[in-house]
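Residue numbers (this note's numbering), protein chains in the order written: chain A, 60 to 126; chain B, -10 to 328. Data block below; observations after.
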């Protein structure tokens, strides 16, 4: 499916269905992230249960420590 | 009175009234690395009344690419960062009161410092200190502004007690590992961008224009040309241990503090003695000189080179062990030379 990820149009592979799949796909599943789908912010539990659809607007912010 | 603040006063959301309020404020910056340098310079140029800046480290050559307050001279002299920062900041604006503290920002000190200021700026390089900062902010009731960067990526969020979610609400657990300046490097535009986000929010808080706060978690990647801003109010937890109804401030308790830390961007480990001590650097210099290796000393610290390691001993008892990222190796070296 095609989604808008952090403002960029992205074609996701077929096996990517859940929000948690997206995190794995981009290899940020072991990081602390905040995810918003279509303007709705998700709790970390909801990452495993939220199914994505074509044209979804996804924002992902990951926490870093440097400074 | 010269007109040094005229352009800032012409900016109507600040005005003469706002300028006056900025002048009556005291800000604490924790960390004097890349973010700390940028934030300190911005606040001092903006005419902050008093600035307290805390850092545990000294200036090295690898800092000069992005830490805007420091010069080659500072790196040559291994000047503690806050001392070098204070020198430069006073040259920029001599009317600002600047308090430079060479120390590790630990629980007791942070609580003490926080009570005296209006705002805290996060310029640390680790989550351990940030979680303490977060608990202190909630306990004392003053805002703090999270900022961090790695590579070309940066992130910032403004935490207002009793209003926004706190850092514990957002991250739940302390993020371990992940990218640091050690592994991914850092470019200065990413630093400056985070500084800009932190300082715009700081100015709004200092002039009292809270309605103009961004109220979103912002992140960007300047190399990948990405930007994201998320409204995170929904993540505020009623049962948060740091800001919830029955809060316990878990990061202020002794068990959650480690006494060693791997420094970001450096092949180094810091070791902090469990009790506060004052080291006699002169006596230590004589002792170490007999062991072989090279000893150098300035009024603030002593550097002892014993390849492949180098030890830097501060007056307050802290020791940086360079040449390793391994905590147990660092401890072994520490005990070998310092008992």
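Idealized CB from N, CA, C, for every residue including glycine.
Members of the segment 129 to 147 of chain B near chain A, C-beta cut-off 7 Å: 136, 137, 138, 139, 142, 144
Residue 285 of chain B: buried (16+ other C-beta within 10 angstroms of its C-beta) or exposed? For the purposes of this step, residue 285 of chain B is identified with residue 296 of the second chain, where counting begins at 1. It counts as exposed.
Identify whether residue 105 of chain A lies in helix, strand or coil by the three-state DSSP scheme. Taking the first chain and counting its residues from 1, the one referred to as residue 105 of chain A is at position 46. In the structure shown, residue 105 of chain A sits in a helix (DSSP, three-state: H, G or I).
Three-state class that DSSP yields for residue 166 of chain B in the structure shown: To locate residue 166 of chain B, count along the second chain from 1; it is residue 177. Any answer about residue 166 of chain B is weak, because its pLDDT of 47 lies below 50 and its placement is not dependable; what the coordinates show is given next. In the structure shown, residue 166 of chain B sits in coil (DSSP, three-state: anything other than H, G, I, E or B).
With respect to the alpha helix (DSSP H) encompassing residue 9 of chain B, which residues constitute its N-terminal and C-terminal limits? Indexing the second chain from 1 puts residue 9 of chain B at position 20. Counting along the chain, the alpha helix (DSSP H) containing residue 9 of chain B begins and ends at 4 to 12.
Using a Cβ-Cβ cutoff of less than 6 Å, which residues in the same chain neighbour residue 201 of chain B once the five nearest sequence positions on both sides are dropped? Along the second chain, one-based indexing puts residue 201 of chain B at 212. Excluding sequence neighbours, residue 201 of chain B sits near 193.
For residue 121 of chain A, count the other beta carbons within 10 Å of its own beta carbon; 16 or more makes it buried, fewer makes it exposed. Which is it? The residue you call residue 121 of chain A lines up with position 62 of the first chain. Buried.
Assuming residue 217 of chain B is part of the beta strand (DSSP E), what are its boundary residues? Residue numbering aside, residue 217 of chain B sits at position 228 when the second chain is read from its first letter. Counting along the chain, the beta strand (DSSP E) containing residue 217 of chain B begins and ends at 215 to 219.
Assuming residue 84 of chain B is part of the alpha helix (DSSP H), what are its boundary residues? Numbered from 1 along the second chain, position 95 holds the residue referred to as residue 84 of chain B. Neither: residue 84 of chain B is in no alpha helix (DSSP H) and is coded neither H nor E.
How big is the Cα-Cα spacing for residue -2 of chain B and residue 258 of chain B? Locating residue -2 of chain B in the second chain gives position 9, counting from the first residue. Locating residue 258 of chain B in the second chain gives position 269, counting from the first residue. Whole-angstrom Cα-Cα distance: 45 Å.
With a Cβ-Cβ cutoff of 7 Å, do residue 273 of chain B and residue 291 of chain B count as a contact? As a working note, residue 273 of chain B is residue 284 in the second chain. As a working note, residue 291 of chain B is residue 302 in the second chain. Yes, they are a contact pair.
Counting along the chain, where does the alpha helix (DSSP H) carrying residue 345 of chain B start and finish? In this structure chain B extends from -10 to 328, so residue 345 of chain B is not present and cannot be described.
7 Å Cβ cutoff, residue 118 of chain A in contact with chain B: Position 59 of the first chain, counted from the first residue, corresponds to residue 118 of chain A. Yes, contact with chain B.
On the three-state DSSP scale, how would you describe residue 0 of chain B? Position 11 of the second chain, counted from the start, is the residue given in the question as residue 0 of chain B. Residue 0 of chain B: coil per DSSP, three-state reduction.
Cβ contact (3+ pairs, closer than 8 Å) linking the segment 4 to 19 of chain B and the segment 84 to 101 of chain A: no
Mapping DSSP to helix, strand and coil, what is residue 298 of chain B? Here the question's residue 298 of chain B lines up with position 309 in the second chain. It is a strand residue.
Looking at residue 302 of chain B and the ligand GDP, is the gap between the Cβ and the nearest heavy atom below 6 Å? Here there are no bound small molecules, and the ligand GDP is not part of this structure.
So residue 332 of chain B is in the beta strand (DSSP E); what residue range does that whole segment cover? Since the first residue of chain B shown is -10 and the last is 328, residue 332 of chain B is not available in this structure.
Between the CA atoms of residue 240 of chain B and residue 97 of chain B - distance to the nearest angstrom: Position 108 of the second chain, counting from 1, holds the residue named residue 97 of chain B. Position 251 of the second chain, counting from 1, holds the residue named residue 240 of chain B. Going from the Cα of residue 97 of chain B to the Cα of residue 240 of chain B covers about 12 Å.
In chain order, what are the residue ranges of uninterrupted beta strand (DSSP E) at least 3 long that sit wholly in the segment 230 to 261 of chain B? 249 to 251, 257 to 260
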